[in-house]
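Worksheet: one structure, shown below.
Residue numbers (the numbering used here): 1052 to 1499.
So this is what it looks like as structure tokens:
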């Protein structure tokens, strides 16, 4: 049977395409489970706390996820970039140095970053709403663990271990948040934003420590102890532009939530976040494919097999677009029902889905183009693309939210993401030589 043979090729193949597809399939399965789990956990949290308290919780949690990308200084991507290269070159001394150095550096840097963030909240406490002060201080204590978890995820992705990479963050942590929240509820604590934040902090520490123990055991078994060689200068030189790319990407995908939180009350933040979380059922396709292909981009780029890299990159766009389109249609069809699960007031977010989904589908059509640019040495211009899209997003939010409220935030997000997709298509074609858009014909490589 052709389908069975295709599955065997993917599951047991040893070439780069098979490895990437295998990683993407497992990542996709985890993302499917995690998307459903995250959605249901957010429904439970919203039902327990109410829209006002839930809005406070998701606002501060979004802030910590955004800051955590800065706090590890891009070392989660450094591991993905250099670990496959060191393995391929047999450079075990540098590999050992990278595995230990990336963890220590991210933990130290993120701890300092967290202390600065907490101090900033204290100094600016009179300028923010009283109900945000304690939740912000509490949630910022989790920054070091989120940063370390990102580095551990990067190491697992570099080894093509999708379960070790994705399960802690996307399966185990949400379950633990619910578990801690349910325990607090059973012990008689009030179901409010502070209880939810404490549950999230405890879940983050528990998950990251468990992930660290598992990854240390597995990697020590593959690469026994010995001399270590660190190259912080090389790593940081690569990390800083990539940090800008990753940070701009995270800011771009969350800026609308933060802007809504600045301009509108927590109940509106809750509605907008629930709408975005519903749309995450579409997003996970893109993230699953990106998790699978980034190490293969790095490997092909290191081998200098330009034609194979271009062919593989173009195929990756197909892997993101068609599943994303199918999921988008399904979410639009059932969106009203899905939002009503959060509570009756959340149904007002349904019209926003039709606006937001346009940007998501357009973005899926260019595939993991930013990963291709990062892994082929074009991280600087990639950072510029995300910076431009972020600037457009913030400017449009500033103009539209005060007048149009949540609709303004949705329009700003869709336009910014569409602009980002267009810029990525143009730059990837000029720099890598592949027209990375699913509906476009294959063109010849442009002249240098």
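All C-beta atoms in this analysis are idealised placements derived from N, C-alpha and C, irrespective of residue type, glycine included.
Query raised in the report: Who are the Cβ neighbours of residue 1463 in its own chain at under 7 Å, not counting the five residues just before and after it?
Result: 1307, 1444, 1447, 1448, 1451
Report task. Could you tell me if residue 1324 is buried or exposed, where buried requires 16 or more neighbouring beta carbons within 10 angstroms of its beta carbon? Result -> buried
Requested in this report: Using a threshold of 7 Å, state whether the C-beta atoms of residue 1488 and residue 1410 are closer than that.
Outcome: no
Requested in this report: State yes or no: is the C-beta of residue 1141 within less than 7 Å of the C-beta of residue 1281?
Outcome: no
**Report entry** Three-pair Cβ contact test at 8 Å for the region 1463–1476 versus the region 1328–1335
**Finding:** no
Query - Residue interval of the alpha helix (DSSP H) (run including residue 1305) - result: 1283–1314
Report task. Alpha carbon to alpha carbon, how far is residue 1479 from residue 1420? Give it in angstroms, no decimals. Result -> 7 Å
Report task. Note the first and the last residue of the continuous alpha helix (DSSP H) segment covering residue 1108. Result -> 1102–1122
Query raised in the report: Is the region 1179–1189 touching the region 1201–1218 in the sense that three or more CB pairs, one from each, lie closer than 8 Å?
Result: no
Query raised in the report: Residue range of the alpha helix (DSSP H) that residue 1253 falls in?
Result: 1244–1273
Query raised in the report: From 1312, 1284, 1454, 1437, pick the residue whose C-alpha is nearest to that of residue 1476; which is it?
Result: 1437
Requested in this report: Following the continuous alpha helix (DSSP H) through residue 1446, name the residue where it begins and the one where it ends.
Outcome: 1430–1455
Report task. Please classify residue 1187: does DSSP put it in a helix, a strand, or coil? Result -> helix
Query - Distance, residue 1376 Cα to residue 1427 Cα - result: 28 Å
**Report entry** Outcome for residue 1486 when other beta-carbon atoms lying within 10 angstroms are tallied against a minimum of 16
**Finding:** buried
Query raised in the report: If you pair each beta-carbon of the region 1251–1271 with each one of the region 1121–1131, do three or more pairs fall below 8 Å?
Result: no
**Report entry** C-beta contact flag for residue 1195 and residue 1153 at 7 Å
**Finding:** no
**Report entry** residue 1402 - DSSP class collapsed to helix/strand/coil
**Finding:** helix
Query - First through last residue of the alpha helix (DSSP H) which encompasses residue 1173 - result: 1143–1174
Report task. Quick one: using the 10 Å Cβ neighbour count with 16 as the cut-off for buried, is residue 1278 buried or exposed? Result -> exposed
Query raised in the report: Are the Cβ atoms of residue 1250 and residue 1232 separated by less than 7 Å?
Result: yes
Requested in this report: Please work out which residues of its chain come closer than 6 Å, Cβ to Cβ, to residue 1223, disregarding the five sequence neighbours upstream and downstream, and give them in chain order.
Outcome: 1258
Requested in this report: Quick one: residues in its chain with C-beta nearer than 7 Å to the C-beta of residue 1430, no 5 flanking neighbours on either side, listed in chain order?
Outcome: 1292, 1293, 1296, 1424
Query raised in the report: If you compare alpha carbons, which of 1128, 1260, 1099 is closest to residue 1286?
Result: 1128
Report task. May I ask which residues mark the beginning and end of the alpha helix (DSSP H) holding residue 1131? Result -> 1126–1140
Query raised in the report: Going by C-alpha distance, which of 1134, 1145, 1370, 1298 is nearest residue 1442?
Result: 1298
Query raised in the report: Helix, strand or coil: which one does DSSP assign to residue 1490?
Result: coil
Query raised in the report: Which of helix, strand or coil does DSSP assign to residue 1240?
Result: coil
Report task. State the Cα-Cα distance for the pair residue 1288 and residue 1126, rounded to the nearest angstrom. Result -> 11 Å
Query raised in the report: Roughly how many angstroms separate the alpha carbons of residue 1150 and residue 1202, rounded to a whole number?
Result: 9 Å
**Report entry** For residue 1089 and residue 1381, the rounded distance between their alpha carbons
**Finding:** 18 Å
Report task. Let me know if residue 1112 comes out buried or exposed under the rule of 16 or more other beta-carbons within 10 Å of its beta-carbon. Result -> buried
Report task. Return the chain-ordered list of same chain residues with a C-beta closer than 8 Å to the C-beta of residue 1160, the five sequence neighbours on each side being excluded. Result -> 1122, 1123, 1124, 1198
Requested in this report: Starting from the C-beta of residue 1268, find all residues in its chain whose C-beta is less than 7 Å away, skip the five residues before and the five after it, and write them out in chain order.
Outcome: none
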